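What follows is a set of notes on a single structure, which appears directly below.
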Amino acid sequence: MQPPSYPHSSPGYTASSSKESLQNSFVSAQQTLASCSGSGPLPPSAELDSHTQSHDMFASLSVSSEPEAPQKTVPKTPAKPVRSPSNPESPLGLRKEDSETFSERSIPSHLSFTPKAEIFTQNHIMSPIMHLSNATDSHDFLQHTLGPCSVSLVSTDKVLELYGRNAKKIRDPEVQFSYAQILVRNGLTIKPDDAAETKKRKEYLLEAHDLLKRSSRGGCVDAQYFLGDSYAVGMFGKSDDSKALSYFEAAGKARHAEGAYRTAVCYRKGWGCSPDSRKVVKFLEIAALNNHPVAMMEYGIYCFKGLMGLPDDIITKRQGISWLKRATEVASELSCGAPYELGMIFLNGFRDIVIQDTKYAIKLFFHAASLGHAKSASLLGKLYEVGKLVEPNADLSIHFYNMAASSGDVDGMMGLCSWYFVGSDNLKQDYDEAFAWALRAAGCGMVKAMLLLQRFYELGIGCEKDLAKARCWADLAKRSANMNSERKRRTFD
């Protein structure tokens, strides 16, 4: 599920300068709190591993005697710019014996040590499924399906007339498809300001629909995929997943990479059909063999983990590792999980097939984080915080936690919460910010964050002391944990 979008943060960011801003920023969390006394539905809970903190803030909150109320900070000043690691020979803060593996070139240019959160606005991972929400977003549809618009010195009506004559005369499927593309482009770019323009738009799309079906029957694979995409977004009326699947499947059987991948997605999600794991694997393999990056990543994960009915044997796992390596070589923002999955294999090693290589694993995590993979950024933040495999570095830990939190990762939010709670050389201690990030993580359904909010309300840390709200968050955490346990039990059953 796509995590909710929150304002970006950086080490110098201040989200809780007043109680009003907290109330406006975290509406979802407060609505959950307000309804927790009833029997309404709970927010989805993230099933996450416990987060190891180098500064044991939870131990400091568990004392029996009530500590002094934290002093309210004066109006906040921006934190100092994050400094580079003090050891110039190890730019990534690695242990001395590992530093020769890396150089300054190992860090992507936009992963500089700057506290500006604006550089992370590109980290949101877009879905590889190209379903558009509606057909009115014609510009996105044109850019995705038809490509960039070319400039013509001939009038639009003249071009359409010439193409129409040629298409009727030659009756070639490729020519018909090209003519249909021009009709679609012109039809979707017409602004239906009056009845005449609306009629012309409808005529263009109807003629394009007819040409696309004729071209598809003639064996034009691109026309088959185009028709499937058009039915999926409802360009010719209401969306029809069943028709979209039939055209995607026809294109996929003809080894159209995107058509095969979209077919696999339909069979996995049950769009226009019943879910079928065997067909998911079949069409994912077709797409992967035709160099589809996301298909290579997903097929590699299924093979290595024995998912979708694939055998859990050494041969299949070896095949999965091979596909993940290929996917990593061509990884993009859509397939940014490939370096992470391969990095986890090298981090732990796998029998005698993959020898453990922590230096290469960390390099892969950097690669995934640079492409916008939030989980990799959160993992790097944790490694630099606790000093596991790398030299501890507060600046880099905050940097990567900030990347993860800006992308909606709850572990990144809790990491920032802990750093604001204890502070660092370049990050001023701020209980209000610690409370704010815990509230955001709780709004995403994290049980650990709910329990932390209980303690914050009991002790008045970053908020007004309120025992009623503390009990409410404790009850909500208990109910969420029970729901998680029930969900896991049903999964194993």
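As numbered in the UniProt record's numbering, residues 1 to 493 make up the sequence shown, in order.
We treat Cβ as the ideally placed atom computed from N, Cα and C, and that holds for glycine.
In this text, all values refer to a predicted model and were calculated from it rather than measured experimentally.
Within the model, the alpha-carbon separation for Val265 versus Ile321 is close to 22 Å.
Taking C-beta atoms as the reference points, Tyr299 and Gly259 fail to come closer than 8 Å. Ranked by how close their Cα comes to the Cα of Arg214, the residues Leu453, Glu341 and Asp172 have Asp172 in first place. Judged by their CB atoms, Gly381 and Gly415 are nearer to each other than the 8 Å cut-off. Sorting Ala449, Ala288 and Asp466 by C-alpha distance to the C-alpha of Tyr457 places Asp466 at the top. Assignment of beta-bridge partners to Val354 by DSSP yields Phe350. Shortest Cα-Cα distance from Lys359 to any of Ala441, Val175, Trp419 and Leu347 involves Leu347. Across the structure, Leu451 and Ala434 are spaced so that their CA atoms are roughly 14 Å apart.
Val410 carries a helical assignment under DSSP once its states are collapsed to helix, strand and coil.
Around the CB of Lys478, fewer than 16 other CB atoms lie within 10 Å, so the residue is classed as exposed.
Counting C-beta atoms within 10 angstroms of its own C-beta, Ser242 has fewer than 16 neighbours from the protein chains shown and is therefore classed as exposed. In terms of Cα proximity to Ile190, the closest of Ser178, Tyr204, Tyr179 and Gln181 is Tyr204. DSSP assignment within the segment 408-487 yields the following whole alpha helix (DSSP H) runs of 4 residues or more, N-terminal first: 410-422, 431-443 and 447-459.
In the DSSP assignment, Lys325 falls within the unbroken alpha helix (DSSP H) covering Ile314 to Glu329.
Spanning the alpha carbons of Ile315 and Gly306 requires a straight line of approximately 11 Å. For Cys266, the enclosing alpha helix (DSSP H) starts and ends at Ala257 to Lys269. Selection Ile345, Ile362, Leu364 and Lys363 evaluated against Ile355 yields Ile345 as nearest (Cα-Cα). Straight across, the Cα-Cα distance linking Ser485 with Val386 is about 29 Å. Contact check for Ser378 and Gly412: beta-carbon distance about 5 Å, within the 8 Å limit, so the pair qualifies. Following the DSSP letters along the chain, one finds Met296 inside the alpha helix (DSSP H) bounded by residues Pro293 to Lys305. About 6 Å separates the CB atoms of Leu371 and Ala331; that is less than 8 Å, so the two are in contact.
Taken through DSSP and simplified to helix, strand or coil, Ile182 comes out as helix. The shortest CA-to-CA distance from Arg255 to any of His209, Asn291 and Trp473 is the one to Asn291. Within the same chain, Phe236 come within 7 Å of His209 by CB-CB distance, once the 5 residues on both sides are set aside. Under the three-state reduction of DSSP, Gly252 is assigned to helix.
When secondary structure is reduced to three states using DSSP, Asn402 falls in the helix class. The DSSP-derived three-state label of Pro311 is coil. Judged by DSSP in its simplified three-state form, Ser239 adopts coil rather than helix or strand. Rounded to whole angstroms, the Cβ separation of Ala438 and Cys417 is 5 Å, and the two are in contact under 8 Å. Looking only at Arg440, Trp473 and Cys444, the smallest Cα-Cα distance to Arg455 is reached by Trp473. Inter-residue distance for Leu383 and Asp240 is about 47 Å (C-alpha atoms, whole angstroms). CA-to-CA, the gap between Gly309 and Asp432 works out to about 49 Å. Rounded to whole angstroms, Ala481 and Trp419 show a C-alpha spacing of 26 Å. Spanning the alpha carbons of Leu188 and Val294 requires a straight line of approximately 29 Å.
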